[in-house]
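Structure first, commentary second.
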Amino acid sequence: MSHPNLPPTPSAPAAATPPLVIAGHGTRVAAGAAAAEELVARVRELLPDVQVEAGFVELTEPTIDAALAPLLARAGRAVVVPLMIGSGGHVRDDIPEAIAAAQATQPDAAVAHTRHLGSPKALLAAVRQRIDAARGDWAAADTDVILVGRGCSIAETNADHVRLIRLLFEAGGYRQVAAAFIQVARPSLPEALAQAAAAGSRRIVVMPHFLFTGRLDQWTQQQTAEFVAAHPEVEVRVAGVIGACTELAEVVVQRYREGVLKLRAEAGSSAYLSGLLLAGRRVVAVGGGCVNRRRVPKLLAAGAEVTVVAPELHPALATLAEAGKIGWRERTFLDSDLDGAWYVLAATDDPETNAQVAAAAEARHTFCVRADRADQGSAWTPATATIDGLSVAVLAGGDPRRSRTVRDQLVALWGEASSEVSGS
């Protein structure tokens with residue numbers, strides 16, 4: 001099935017912005033294909049400066065390599081985000097093979113293949129919304145939920161699905177939550193429904209844990225209807241699939257940004273490494289949450305005079321403020337908060353506020369670390385450690401996860417080397 005209603009990105013973005021290919025499964029079901037188109041449109045709205053295209057593993061055109069190859073020819077690099085909840089064979093085999101096929105046409109091009117979607121908080125929230133909409137007037141405590149996954153031959157992928165039932169159980173307050181699979185793995189949906197009924201369940205919501213409607217969703221509907229016909233004493237409602245919602249689009253965007261950082265890290269950091277001597281100098285940390293809770297003590301240890309701007313503070317920061325070790329402006333951010341600052345941290349949970357902080361810092365020629373968008377700040381925070389009096393700092397192109405991993409490996413290697421020396 002092709003996408004005649006899915007036009008290319010209206011205008012070519014700047015070459016500095018890597019294009020994005022959203023790698024989906026594909027379907028012959030028109031409603032599912034339309035939902036994929038809608039999702040691509042939502043992502044384009046969230047990434048107006050990025051060329052966003054879709055490619056599919058099967059059943060729908062264009063294929064992933066056909067979508068990717070011309071982008072690599074134009075831009076020389078791209079990010080591929082698997083539009084998959086689980087890490088099955090498509091993520092492990094089919095998508096990498098398609099990427100390799102596209103790269104064969106452009107051997108010097110770089111591609112960042114990001115991790116699959118998984119089940120971050122945003123998608124779990126969307127799943128709960130679908131479940132709660134389906135149960136309607138049923139009390140959560142009286143409702144059993146069966147979470148239906150795709151199922152595959154990879155045990156780790158099936159285990160990831162089973163893990164979700166505990167998260168949903170604790171977050172949703174349901175009577176119980178069970179896992180089922182629509183194919184390959186067990187328990188099957190009919191088995192899970194029979195087990196729930198045998199355990200006394202009388203109100204069940206079946207949640208098809210799929211992105212869009214398609215063959216798997218149709219099988220879920222069919223198998224549920226067959227069970228209800230044979231068990232009229234049990235009420236069963238089928239929830240909607242996740243769909244092309246804002247939460248899904250935002251997760252795709254987050255994966256894209258991870259891919260951009262990966263490309264930057266593989267190309268080599270463009271940052272100039274330098275040790276900042278902040279003793280007696282003013283530093284402003286905007287945001288009172290967990291990020292600044294970790295970073296402010298390190299700034300204090302460096303002798304900085306820290307002011308935190310936030311309506312509320314993490315308890316650890318509140319303790320520092322009460323002790324007079326940091327200043328606290330108990331309100332939202334104003335550009336004038338940066339007057340006289342040598343260094344700024346933008347670490348609120350509001351992207352617009354962080355953007356405002358970064359812009360105000362740029363106007364003052366003040367270096368700013370932006371916690372939510374490393375690529376939109378003027379400085380990056382390295383992963384640091386002190387080993388035998390040596391300061392170690394690692395930057396991985398703005399990718400904090402990779403920076404921490406490399407730092408930990410260096411610390412471990414240094415520890416092993418020190419042990420060998422002391423033992424010799």
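Each step along the sequence shown adds one to the number in UniProt numbering, with nothing skipped, and position 424 is 424. Cβ coordinates follow ideal geometry from the N, Cα and C atoms, glycine included.
- The Cβ-Cβ distance between H161 and G86 falls below 8 angstroms.
- The three-state secondary structure of D144, taken from DSSP, is strand.
- In the DSSP assignment, S188 is bridged to F181.
- Per DSSP, the unbroken alpha helix (DSSP H) holding C290 starts and ends at C290 to A301.
- A residue is called buried once 16 or more other Cβ atoms fall within 10 Å of its Cβ, and S391, having fewer, is exposed.
- Counting along the chain, V127 sits inside the alpha helix (DSSP H) bounded by residues K121 to R135.
- In the structure shown, A323 falls within a coil segment according to DSSP collapsed to helix, strand and coil.
- The beta carbons of V251 and V284 sit no closer together than 8 angstroms.
- With contacts defined by Cβ atoms closer than 8 angstroms, G289 and A347 form a contacting pair.
- Where E266 is concerned, the enclosing alpha helix (DSSP H) starts and stops at T246 to A267.
- Beta bridge pairing from DSSP links Q176 with D144.
- Membership of R74 in the alpha helix (DSSP H) is indicated by the continuous run I64 to A75.
- A371: not part of any alpha helix (DSSP H); DSSP gives it neither H nor E.
- Here DSSP, grouped into helix, strand and coil, assigns L390 to strand.
- The beta-carbon distance between V148 and T220, rounded to whole angstroms, is 5 angstroms. This is short enough to meet the 8 angstroms contact definition.
- Across the structure, V111 and G200 are spaced so that their CA atoms are roughly 52 angstroms apart.
- In the same chain as A279, and ignoring 5 residues on each side of it, the C-beta atoms closer than 6 angstroms to its own belong to G303, in chain order.
- The beta carbon of P190 lies closer than 7 angstroms to those of Q223 and F227 in the same chain, with the five residues before and after it left out.
- P400 places its beta carbon less than 8 angstroms from that of A383.
- With a beta-carbon spacing of about 5 angstroms, L83 and I22 fall inside the 8 angstroms limit used to define contacts.
- Under the DSSP assignment, T307 falls outside any alpha helix (DSSP H), being part of the beta strand (DSSP E) whose first and last residues are E305 to V309.
- Contact between the segment 164-175 and the segment 132-143 is present, with at least three C-beta pairs closer than 8 angstroms.
- Annotated three-state conformation of P315 is helix, per DSSP.
- As the crow flies, the alpha-carbon of H90 is around 51 angstroms from that of I326.
- When only Cα atoms are considered, C245 and D408 end up about 38 angstroms apart.
- Under the three-state reduction of DSSP, G55 is assigned to strand.
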